[in-house]
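To start, the structure itself, in structure tokens.
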Amino acid sequence: MQLRKLGRASPELGEVLRLYERAFPANERWGMDAVLDDETGISELCAFFDGELFCGFVVLLNQGDITHIIYLAVPEELRGRGYGSEALGLVRAVKPGRRLLIDIERPGEGFANNAQRLRRKAFYERNGCREAGVYYSWRGESYEIMISGGGITSREYFRFWRDVDKNSRIFKRG
Numbered sequence: 805m806q807l808r809k810l811g812r813a814s815p816e817l818g819e820v821l822r823l824y825e826r827a828f829p830a831n832e833r834w835g836m837d838a839v840l841d842d843e844t845g846i847s848e849l850c851a852f853f854d855g856e857l858f859c860g861f862v863v864l865l866n867q868g869d870i871t872h873i874i875y876l877a878v879p880e881e882l883r884g885r886g887y888g889s890e891a892l893g894l895v896r897a898v899k900p901g902r903r904l905l906i907d908i909e910r911p912g913e914g915f916a917n918n919a920q921r922l923r924r925k926a927f928y929e930r931n932g933c934r935e936a937g938v939y940y941s942w943r944g945e946s947y948e949i950m951i952s953g954g955g956i957t958s959r960e961y962f963r964f965w966r967d968v969d970k971n972s973r974i975f976k977r978g
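Pasting the structure below:
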């Protein structure tokens, strides 16, 4: 499997955007325009391919020694074939020595999709991630951070976001 960095002119962009819309509910999407327009190198949109077969995408934010996986998705018809695990391995390979963060919806009783949340958490644990002990809420949803390659405190996590905001135009409009 290979990873390709994408931009606005990439022929695969339409396929990525369709998967993005299908894989993430509206309250969890903050828009690809900001990622595609970022010229600082802080954000990256990459797609995964097995030969010419589109196997998914990842959106990364890079700041300091942290790479934060904001979105990772594999097409539904390809799930369960190891592509997600291979994708995580590729991200680690192209970001050696960095702490890798992943947001997941926090599991818990009372969530209609709790079984899905537990499966997602187990997937990341099987792939070398562990709970970071960092939790937050955004747009009415509760999240927890999984980490690989070190640890992180809540203070470091929120400083990461302040630094991303300060050093890029990802969240700035106009």
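Just add 804 to wherever you are in the sequence shown, counting from 1, and you've got the working numbering.
For glycine and all other residues, C-beta sits at the position ideal for the given N, C-alpha and C.
Only a predicted model underlies this, so the values are computations on that prediction, with no experimental measurement involved.
- Selection Cys-850, Asn-831, Lys-809 and Glu-843 evaluated against Arg-973 yields Glu-843 as nearest (Cα-Cα).
- As a beta-bridge residue in DSSP terms, Ser-847 pairs with Leu-865.
- Secondary structure at Val-938: strand, using DSSP grouped into helix, strand and coil.
- Using a 10 angstroms sphere on the CB of Lys-809, the tally of other CB atoms stays under 16, which defines it as exposed.
- Considered as a whole, the region 881-928 harbours 903-909 as its complete beta strand (DSSP E) runs of no fewer than 3 residues, in chain order.
- Following the DSSP letters along the chain, one finds Arg-963 inside the alpha helix (DSSP H) bounded by residues 958-971.
- In the DSSP assignment, Met-950 falls within the beta strand (DSSP E) that extends over 945-952.
- Taking a 10 Å sphere around the C-beta of Gln-867, we find 16 or more other C-beta atoms and assign the residue as buried.
- Around Cys-933, the same chain offers Ile-906, Met-950, Ile-951 and Ser-952 as residues with beta carbons nearer than 7 Å, after the five sequence neighbours per side are excluded.
- Counting along the chain, no beta strand (DSSP E) covers Arg-822; the unbroken alpha helix (DSSP H) around it starts and ends at 817-827.
- Here the alpha carbon of Ile-870 sits roughly 8 Å from the alpha carbon of Phe-964.
- Between Phe-915 and Tyr-875, the CB-CB gap reaches or exceeds 8 Å.
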